[in-house]
Every structure is written in C-alpha cells, then in structure tokens.
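Read through the structure below, which is laid out as structure tokens, and then see the notes.
Encoded structure:
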C-alpha cells in the first residue's frame, strides 16, 4: 500500500531564510556504565605514549578564480566632413576649408576661442612644470653595485608542440608590446599538426597573447615598422614575405607570390628609411637579397645575388642568415652568411658587381648575428661559431677584438643602446652573457643562466634596460638588467673611441707585417721555381712514378740473382763470410 503525505506550504514562505536561535543543551540518550564489562579488560604493561611539543596544525588550500584581462581599443579617424566631400581628396578638402573660412560664424567663433586659448597658453608659459633644475650638473657616477639581472616576465608558447622563438621585435612606441616569431628550424622535424601561429604579447598580461598572427607558413622573422607601429613585416619558412596591420586582425593583409619570393626560409627582414614608410628588404639562405614595397608584394622591386665572385650566379651565391641596416647610412647594408663571411654592400651602385663592396672572413660557421655599434657605426659586432667578434670597416683581414672560445655555441648578440662599450650574447647552454670591454675583456661582466634549453634569439629594448631572450622551446624571458649596464659612465665615449682606434691601428700594423711576410715568401718560392727550371725540365708525375717503379724492380731482380749465385757456390764458412764482408767494406771505402 502506497502511503502519501502531502506537505502544504504557502507560496510566500518559499525561499525564506532559516532563523536559528540558541537554546540550552539537553540529553537525548544516557547510557549507564556496566560493571560486568570490567572483567573483560586486559591491563597493558608497559604502555608507550608519545608526546609532541609542537601544537597541532591544519593546512588549507584556496584557489581563487583567475581574472582574465582583455585589451580593447578604438581607432579614431578624421571625421566631420559633409557626405559630398571625400576626406582623402586634397583638392576637395582645401575647397571646403576656404568656403568655411569665409563664413562670419566661423570667424566669430575663432575670435571667441582665441581669447580662451591665449589665456591657457599664458598660463603654460608662466611656469614650466617639467623644468629640470639641475641639468648643468654632471651625471653622478653609478655606485659600485654588483652587476645583476632579474626576471620580469616569462611568455610561453601556448601550443602543445613547442616551437623555437626565432625572432623578437619590440613595439616602437614605448615598448609595451613584443612581437615573437615562432617556427621549427630543424630540417624535416616539424610535426604535421604543428601550429603556424606567431604572437604579439602585451608585457602586462603574459597569460594570453594580445594578438595572434596567422601566416600561411611559420614565421622565421618578424619586424615592427618604426614609422607605423600598426604595421609588421614577416619572413616565412617557405620564402614568402607577408605584412600585417594590427587594426585589421591577425590575417596577413598581403602576401608575396611564391614564384617571385625566396626559395629558402627568410632569415632577415628590415624596414628601410623612405618617405612612404612602406619599403623593406629581406635575405634568405637561397643567396638572394630582395627589396619590397608592401603596397605591391606581387614581385620585388630589386634583386641582388650574394655572389662574392661578382658574376651574379645564383649557384655560387652564399646563403644569408643575418641582415644589418643602419638608418644613418641609407645606402649601405651588411649580410652575414652561412659560410662565416660578412658581405658589405652598397645599394646605390650602378651594376650588381659594384653593389658587393667587400667581405670580412673570421668565423668557422654561420654568422647568426650582425649589428653595428649605435655610437660608432664603423664598428660592428658579429656572432658565430664559439666567439663574438668586433670589426672595423678599415680593417678587413681580421677583427680588432674578439671573445675567448666558449664551450657552447653562440647563437645571437646585440649592442647596448645606452652604453657604447656593452654588448650581449646568448649561448646554446641557455646562458646570457653581458660584456663590458672597458671593465673586462677576457670574461663577461655578467653570465646569467636563463633556462635549461638553448637560447636562440635576443633583443634589447630602446631604453637599454629590458632585454628579451627566446629559447628553443618557445619560452621568451624578459629580464631587467642592473642600472650599471644601462647608465652612461663618465668619459665612457672617450675611452671607447680610444680603444677602438688603438685596436684598429694595431690590426693595420699586423696586416702590413703579414703582407710583407707573404711577399717575401712568394719571392722565395718564385726563386726556387726558377732554380728548378734551370736544373732541368720537371718530370711529369706519371713518368716519375714509372721511373721509380722500374728502378725498384731492377734492384729486386739484382738481389734475387745475387742470392741465386750464392746458393749455387754452396755453404761458406764463417771465415769466408768475414773475408767477404771485409772486401765489401774495403770496396765501400
């Protein structure tokens, strides 16, 4: 039988809070002791008891919900024009302005606003709230603090399959954002489901990328436009060039055609100084340097083959792995190659052969980094094999300064933007080295273990205080270096100039001495060749081999005949042997 009990409650009482009240304790059940159970107890002897001096503690964990921040912006454009006026047409806007300027209301409004603006301007001119009162005093020297660097932030590749952070680029305005190119450079090691995306990170929100760039092929290099911070150019693994406008999202605005692009990965892409701000050039291991205008990426505007024999043959070209361009020297640029040779070029030369000005050879492997000193553009830094080298344009046969040979391979390097004597290098063991050659030449002033995996890329912010390092697993570490490395020291420029000039002069003297020794050796070798010609015509190698072989077999036959004759005469006594040996000695004498 089913028992049903219906509870009835008013609708207004649903959801009412429970009101609890205090009341005295009351006994519900009282179990009295049973004396008969005492006989069943067994006495323990001895009894072990532990005592803890510390009070009992309890541990609780609380995980708060993550608060995700998202940055959004609004792009303001020029507005307020009538519908029949196109704001992009200069003639229409000028005509409309002239029409408005003749209106009486416009003139009265300007006169009224002019008096208000004049009052504000006079207030600003009365006192300068940004005035520096102690400009004339020299900068006090930085206290002798130990060189150091601390980690500010870490940006990790959000994908499951990690890729190398191959290139870094700081946002040109205030440097609050960092563009990172991700790709796998190991030949035929990339997985089929590996992501192609690269990212722009906001320094204040390291958990999520600010913008995801979606190229057609993994990006090997990525560079902000210094004139327009919304524009980026990237070089792809398949050789194509693409550019992005961050206002239009993560898809590339335009992509170069495969037929007119590079044939190998694009290892360097740099913006040029131009009126339009749309010109750039790129370099690849296919041995070509191509110039582009991003307004028309269908084909390059100019091409240069890195053939140092100046014949312009692509099969003889050296593969480029690094690029250098100094805006103060707009016609010159430098290319670091896979073969360890640095090529200096002049874009404005008339013929392709004249565009290749000269070469600098000093590394045993690819030149992974190439950078001019921002204070002394004639001196530049190269990083390759196990050393970093400083060169002077006036000395081409050898570098003027170099580091010791390290145990690990060097992967990247750059100059300080504040101090002319400081530069940075990264190594395959995950170490960042900071060099100050005015303080110490043999060893780095600071050697910092950034991570366990190899470091591959390096970029210093324009203020010289923050430096970012990209690793093989896609981890980008942002470091803040101590003030000693980013504060200009007293007389540092004078001392650096003197050191560069002294080392350049020393190398020139050594080069002259080497040339003199080579000339003497060449003269000596030519004299030997003339003596050999006077002695007689030189034999052909084949004839010489045949003659030596014939003489050898003649000696063997003569020895065999002598032994056969000796065996035909019969055994000889010891006295006869001694007498025969004496005759031979007499014959020799």
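Numbering (this note's numbering), first residue to last: 58 to 646. The beta-carbon is built from N, C-alpha and C at its ideal position, and this holds for glycine as well.
> residue 353: buried (16+ other C-beta within 10 angstroms of its C-beta) or exposed?
Replying inline: By the 16-neighbour rule on beta-carbons within 10 angstroms, residue 353 is exposed.
> Within 10 angstroms of its Cβ, does residue 234 collect 16 or more other Cβ (buried), or is it exposed?
Replying inline: Residue 234 comes out buried.
> What span of residues does the beta strand (DSSP E) with residue 292 cover, start to end?
Replying inline: Membership of residue 292 in the beta strand (DSSP E) is indicated by the continuous run 288-293.
> If you compare alpha carbons, which of 343, 387, 391, 313 is closest to residue 358?
Replying inline: Ranking the options by Cα distance to residue 358, first place goes to 313.
> What is the residue span of the alpha helix (DSSP H) that residue 173 lies within?
Replying inline: First-last of the alpha helix (DSSP H) with residue 173: 161-183.
> Roughly how many angstroms lie between the CA atoms of residue 89 and residue 95, to the nearest whole one?
Replying inline: For residue 89 and residue 95, the gap between their C-alpha atoms comes out near 14 Å.
> Around the Cβ of residue 610, are there at least 16 other Cβ atoms within 10 angstroms (buried) or fewer (exposed)?
Replying inline: Result: exposed.
> By DSSP, does residue 327 sit in helix, in strand, or in coil?
Replying inline: Judged by DSSP in its simplified three-state form, residue 327 adopts strand.
> Is the distance from the Cβ of residue 48 to the Cβ of residue 286 below 8 Å?
Replying inline: This structure cannot settle anything about residue 48, because the visible part of the chain is limited to 58 through 646.
> Mapping DSSP to helix, strand and coil, what is residue 485?
Replying inline: Here residue 485 sits in coil by DSSP.
> At what residues does the alpha helix (DSSP H) containing residue 153 begin and finish?
Replying inline: Here the alpha helix (DSSP H) through residue 153 covers 147-158.
>> Nearest by alpha-carbon distance to residue 289: which of 334, 274, 260, 263 is it?
In response: Restricting attention to 334, 274, 260, 263, the CA atom closest to the CA of residue 289 is found in 334.
> I think residue 298 touches residue 323, with their Cβ atoms under 8 Å apart; what is that distance to the nearest whole Å?
Replying inline: Indeed, because the Cβ distance is near 7 Å, the residues count as touching under 8 Å.
>> Classify residue 224: buried if its beta carbon has 16 or more other beta carbons within 10 angstroms, exposed otherwise.
In response: Classified as buried, residue 224 has 16 or more neighbouring CB atoms from the shown chains inside 10 Å of its CB.
> DSSP state of residue 302, grouped into three classes?
Replying inline: Three-state result, residue 302: strand.
>> Please state the DSSP three-state secondary structure of residue 646.
In response: Legend: pLDDT at residue 646 = 45, less than 50; position of this residue unreliable, value from coordinates given subsequently. If DSSP states are grouped into helix, strand and coil, residue 646 belongs with coil.
> With DSSP run on the structure shown, which of helix, strand or coil describes residue 216?
Replying inline: DSSP places residue 216 in coil when its eight states are reduced to three.
> By the 10 Å Cβ neighbour count, where 16 or more other Cβ atoms means buried, how is residue 137 classified, buried or exposed?
Replying inline: A residue is called buried once 16 or more other Cβ atoms fall within 10 Å of its Cβ, and residue 137, having fewer, is exposed.
> Between the region 452-467 and the region 555-563, are three or more C-beta pairs nearer than 8 Å?
Replying inline: Judged by Cβ distances under 8 Å, the region 452-467 makes contact with the region 555-563, as three or more pairs qualify.
> Of all the beta strand (DSSP E) runs that stay within the bounds of the region 93-136, which reach a length of 3 or more residues?
Replying inline: For the region 93-136, not a single whole beta strand (DSSP E) run of length 3 or above is found.
> Just the Cα atoms here: how many angstroms apart are residue 392 and residue 336?
Replying inline: Their backbone Cα atoms lie some 18 Å apart in a straight line.
> Quick one: any contact between the region 505-512 and the region 473-492, if contact means 3 or more CB pairs under 8 Å?
Replying inline: Yes, since at least three Cβ pairs between the region 505-512 and the region 473-492 fall closer than 8 Å, the two stretches touch.
> Opposite residue 520 in the DSSP bridges: which residues?
Replying inline: DSSP links residue 520 through a beta bridge to no other residue.
> Between the C-alpha atoms of residue 202 and residue 467, what's the straight-line distance to the nearest angstrom?
Replying inline: The alpha-carbon separation between residue 202 and residue 467 amounts to approximately 28 Å.
> What first and last residue would you give for the alpha helix (DSSP H) that runs through residue 411?
Replying inline: Element bounds for residue 411: 409-412.
> So what's residue 224 in DSSP terms, helix, strand or just coil?
Replying inline: It is a strand residue.
> What are the partner residues of residue 429, as DSSP defines its beta bridges?
Replying inline: Looking at the DSSP assignment, residue 429 forms a beta bridge with 437.
>> Using the Cβ count rule (16 or more neighbours within 10 Å means buried), how would you classify residue 126?
In response: If you draw a 10 Å sphere on the C-beta of residue 126, you find fewer than 16 other C-beta atoms in it, and that means exposed.
>> I need the DSSP call for residue 604, collapsed to helix, strand or coil.
In response: Looking at residue 604 - three-state DSSP - the assignment turns out to be helix.
>> Just to confirm, is the Cβ distance from residue 237 to residue 252 under 8 Å?
In response: Contact annotation: residue 237 and residue 252 have beta-carbon atoms that are not nearer than 8 Å.
> CB-CB under 6 Å to residue 364, same chain, minus the five flanking residues each way: which ones, in chain order?
Replying inline: So the qualifying residues of the chain are 370, 373, 374.
> What did DSSP end up calling residue 637 once you bin it into helix, strand or coil?
Replying inline: Bear in mind that a pLDDT of 49 at residue 637, under 50, signals an unreliable position, so the number given afterwards is only what the model happens to contain. Here residue 637 sits in helix by DSSP.
> At what residue ranges does the region 530-554 contain a whole run of the beta strand (DSSP E), taking only runs of 3 or more?
Replying inline: When DSSP assignments are scanned along the region 530-554, the uninterrupted stretches of beta strand (DSSP E) that are 3 or more residues long and fall wholly within it turn out to be 533-538.
> With respect to the beta strand (DSSP E) encompassing residue 280, which residues constitute its N-terminal and C-terminal limits?
Replying inline: It spans 276-281 - the beta strand (DSSP E) in which residue 280 sits, taken as one unbroken run.
>> In whole angstroms, give me the CA-to-CA distance for residue 67 and residue 210.
In response: In this structure, the straight-line span from the alpha carbon of residue 67 to that of residue 210 is close to 60 Å.
> When you compare only the Cα positions, how much space is there between residue 175 and residue 181?
Replying inline: So the two alpha carbons sit approximately 10 Å from each other.
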